[in-house]
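A.B. asks: Residue numbers (my numbering): 1195 to 1589. Cβ atoms here follow ideal geometry from the backbone N, Cα and C, with glycine treated the same way. Here the structure is a predicted model, which means the values were calculated and not measured. One structure coming up, written as structure tokens, with questions to follow.
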Ligand code: SAH
């Protein structure tokens, strides 16, 4: 097997069992490993410390599969890791009410670059690293054997693949998927999901716990759901007795699916207003019209893909938070989120605090939110935490 020999400075990374080895930490590569191929990892004083997959075109040159030099990365390895990840989900998800959740959360489930989500009888995968791609066939066979899904669909149609020297790809890899929309259940609510063309793997699974929390705040409220996608937060709000829900979403197909989802749960569209428009623009229009709401949800897409965009992203977050704060009635509630990994929880809170100052409102955090528990964050991989949310009381 080819090997990489690390620099002395990399010892501390190895000690902390961080699964990424950057190109700058490598002293020497012995042999000529191809994309994703297995390499043995040696410290500067030639001690074998584990094995990983080589990725020649990425700054993350090696992703570590195991810090146990004895452990073989074979079918039994993937069986063990996938079964372990599955058993965690069985503990935290009530599968009688929820059949849509993340089974494998990449690095945080010790399977770097591999995402596997369950959508009722189907599995949807993303192979985001050269190593995950290298072991794809074995991984698919193990998934098929453990979960026996009707179909396994790949949604590796994401740009990060190109950093790993891989093309974005999408399509069925096992079994069948004949439906255009798959019906799933989340906390007892029904949702139609476009597995083939929806965002991410089809649904924002990471917001499940936060959508549930909306139920506690929405009764009798005039709700504004910004960046509403297929109506996740709206369904929970309407079911718990919201007086009205206004949805703003730039994707018309997502809004149409939101309508179907609302009706599918026996809820009426008469108290729903849809705006197929830009949130930044509509919030300004509402401000000029002196509209007001009791509960506002801000769940924007990622505003930054790299550290160089943090400032620009911060301005975007401040803008929508400032506008939303101005639109809230006294005693109103703001659910505000950021899913940009480059924005830390501290920075996000600071941005919202700046918006609060400029708005002239008195704002208190009453809850701090994060991604749902099926998106765990391994303590040796803090980068796994990306979703931050604040529930604010606004006076
Ligand atoms: N809260 C949703 C997920 C939101 S994802 C849920 O629980 O399912 C962010 C959404 O914002 C996407 O649907 C995207 O189409 C939409 N979007 C992105 N930019 C937008 C903009 N400027 N105005 C309105 N919608 C936008």
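(1) Using a threshold of 8 Å, is the CB atom of residue 1412 nearer than that to any non-hydrogen atom of the ligand SAH?
(2) Can you give me the Cβ contacts of residue 1541 inside the same chain, cut-off strictly under 8 Å, excluding the 5 residues immediately before and after it?
(3) Around the Cβ of residue 1355, are there at least 16 other Cβ atoms within 10 angstroms (buried) or fewer (exposed)?
(4) With hydrogens ignored, establish whether the beta-carbon of residue 1471 is closer than 8 Å to any heavy atom of the ligand SAH.
(5) On the premise that residue 1375 lies in contact with residue 1363, defined as a C-beta separation below 8 Å, what is that separation, rounded to the nearest angstrom?
(6) Ignoring anything shorter than 4 residues, give me the alpha helix (DSSP H) runs that lie fully in the region 1352-1404, in order along the chain.
(7) Do you know how far the Cα of residue 1347 is from the Cα of residue 1389?
(8) Should residue 1511 and residue 1546 be called a contact, given that it needs their Cβ atoms to be closer than 9 Å?
(9) Cβ-heavy atom distance between residue 1426 and the ligand SAH below 8 Å?
(10) Indicate whether residue 1568 and residue 1297 have their beta-carbon atoms separated by less than 9 Å.
(11) Determine the extent of the beta strand (DSSP E) in which residue 1540 is found, giving its start and end residues.
(12) Sort out for me which residues DSSP pairs residue 1419 with in a bridge.
(13) Flag residue 1364 as yes when its Cβ comes closer than 8 Å to any non-hydrogen atom of the ligand SAH, and as no otherwise.
(14) Between the alpha carbons of residue 1391 and residue 1492, how many angstroms are there, rounded?
(15) Tell me whether residue 1493, by its Cβ, gets closer than 8 Å to a heavy atom of the ligand SAH.
(16) Counting only the same chain and skipping the five closest in sequence on each side, list residues whose C-beta sits under 6 Å from that of residue 1258.
(17) Exposed or buried, residue 1582, counting other C-beta atoms within 10 Å across all chains shown (16 or more means buried)?
(18) Considering only their Cβ atoms, is the gap separating residue 1585 from residue 1556 smaller than 9 Å?
(19) Measuring only from the beta carbon, is residue 1421 closer than 8 Å to any heavy atom that is part of the ligand SAH?
(20) For the ligand SAH, I want to know if residue 1280 counts as a neighbour, meaning its beta carbon is within less than 8 Å of at least one of the ligand's heavy atoms.
(21) For residue 1227 and residue 1248, which I take to be in contact (beta-carbon distance under 8 Å), what is that distance rounded to the nearest angstrom?
(22) Among the candidates 1218, 1500, 1520, 1239, whose CA atom is the shortest distance from the CA of residue 1480?
(23) Which same chain residues end up closer than 7 Å to residue 1548 when comparing Cβ atoms and leaving out the 5 residues on each side of it in sequence?
C.D. replies: With the given structure in hand:
(1) If you number the chain shown from 1, residue 1412 lands on position 218. No, since every heavy atom of the ligand SAH falls outside the 8 Å radius drawn around the Cβ of residue 1412.
(2) Looking up residue 1541 in the chain shown gives position 347. Hits under 8 Å: 1504, 1508.
(3) Here residue 1355 refers to the residue found at position 161 of the chain shown. It counts as buried.
(4) Along the chain shown, one-based indexing puts residue 1471 at 277. Yes, the beta carbon of residue 1471 sits closer than 8 Å to at least one heavy atom of the ligand SAH.
(5) The residue given as residue 1363 occupies position 169 in the chain shown. The residue given as residue 1375 occupies position 181 in the chain shown. Not quite, the Cβ-Cβ distance comes to about 22 Å (not below 8 Å), so this is no contact.
(6) 1354-1357
(7) Locating residue 1389 in the chain shown gives position 195, where the first residue counts as 1. Locating residue 1347 in the chain shown gives position 153, where the first residue counts as 1. Roughly 8 Å between the two C-alpha positions.
(8) Numbered from 1 along the chain shown, position 317 holds the residue referred to as residue 1511. Numbered from 1 along the chain shown, position 352 holds the residue referred to as residue 1546. Yes, the Cβ-Cβ distance between residue 1511 and residue 1546 is below 9 Å.
(9) Mapped onto the chain shown, residue 1426 falls at position 232. Answer for residue 1426: yes, Cβ within range of the ligand SAH.
(10) Translated into the one-based positions of the chain shown, residue 1568 becomes position 374. Translated into the one-based positions of the chain shown, residue 1297 becomes position 103. A contact, by the Cβ cut-off of 9 Å.
(11) Residue numbering aside, residue 1540 sits at position 346 when the chain shown is read from its first letter. Residue 1540 -> not in any beta strand (DSSP E); alpha helix (DSSP H) instead, spanning 1539-1553.
(12) Position 225 of the chain shown, counted from the start, is the residue given in the question as residue 1419. Answer is 1441, 1491.
(13) Numbered from 1 along the chain shown, position 170 holds the residue referred to as residue 1364. It does not: the Cβ of residue 1364 is nowhere closer than 8 Å to a heavy atom of the ligand SAH.
(14) As a first step, residue 1391 is located in the chain shown; it is residue number 197 there, counting from the start. As a first step, residue 1492 is located in the chain shown; it is residue number 298 there, counting from the start. Approximately 23 Å, taken between the alpha carbons.
(15) Here residue 1493 refers to the residue found at position 299 of the chain shown. Yes, the ligand SAH has a heavy atom inside 8 Å of this Cβ.
(16) Locating residue 1258 in the chain shown gives position 64, where the first residue counts as 1. So the list reads 1213, 1244, 1246, once near-sequence residues are dropped.
(17) On the chain shown, position 388 is the one that residue 1582 refers to. Residue 1582 comes out buried.
(18) Counted from its first residue, the chain shown places residue 1556 at position 362. Counted from its first residue, the chain shown places residue 1585 at position 391. No. Outside cutoff.
(19) The residue you call residue 1421 lines up with position 227 of the chain shown. Checking the Cβ of residue 1421 against the ligand SAH gives yes.
(20) The residue you call residue 1280 lines up with position 86 of the chain shown. No, since every heavy atom of the ligand SAH falls outside the 8 Å radius drawn around the Cβ of residue 1280.
(21) Translated into the one-based positions of the chain shown, residue 1227 becomes position 33. Translated into the one-based positions of the chain shown, residue 1248 becomes position 54. The pair is a contact, with the Cβ atoms about 4 Å apart (cut-off 8 Å).
(22) Along the chain shown, one-based indexing puts residue 1480 at 286. Considering only alpha carbons, the answer is 1520.
(23) As a first step, residue 1548 must be located in the chain shown, where it is residue number 354. Answer for residue 1548: 1512, listed in chain order.
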